[in-house]
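Participant: Residue numbers (the numbering used here): 30 to 116.
For every residue, glycine included, the Cβ atom is placed at its ideal position computed from N, Cα and C.
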């Protein structure tokens with residue numbers, strides 16, 4: 030039974046090492062076609078000097094609103110679960 034656990038652990042570690050070696054180097058992701066468009070047109074279309082700000086608040090505004098709504102609902106849910114009820 031001990032050798033089964035050791036074998037399973039070695040298999041998982043080997044898989045993770047292989048997956049880490051297969052990934053792109055950190056800080057140098059491959060550029061997609063849309064990246065160049067956003068970099069060239071962010072200031073003209075969105076009026077923002079920061080490309081990240083223009084993408085988050087202009088191009089993906091509804092997505093950001095949805096994420097904020099989910100976060101708000103999660104905080105309200107946790108607050109309701111952890112509140113103290115007076116007896």
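Does DSSP put residue 31 in a helix, a strand or coil?
Facilitator: What you label residue 31 is simply residue 2 of the chain shown in a count that begins at 1. Three-state result, residue 31: helix.
Participant: Residue 68 and residue 84 - do their beta-carbons sit closer together than 7 angstroms?
Facilitator: As a working mapping, residue 84 is identified with position 55 in the chain shown. As a working mapping, residue 68 is identified with position 39 in the chain shown. It is not a contact, given that the beta carbons lie outside the stated cut-off.
Participant: Would you decide whether residue 50 is buried or exposed? Buried here means 16 or more other CB atoms lie within 10 Å of its CB.
Facilitator: For this step, residue 50 is matched to residue 21 along the chain shown. Its Cβ having fewer than 16 others within 10 Å, residue 50 is exposed.
Participant: Quick one: give me the first and last residue of the alpha helix (DSSP H) that residue 67 is part of.
Facilitator: To locate residue 67, count along the chain shown from 1; it is residue 38. Segment 62-75, the alpha helix (DSSP H) holding residue 67.
Participant: Look at the alpha carbon of residue 71 and the alpha carbon of residue 102, and state the distance between them as a whole number of angstroms.
Facilitator: Here the question's residue 71 lines up with position 42 in the chain shown. Here the question's residue 102 lines up with position 73 in the chain shown. One C-alpha to the other measures close to 31 angstroms.
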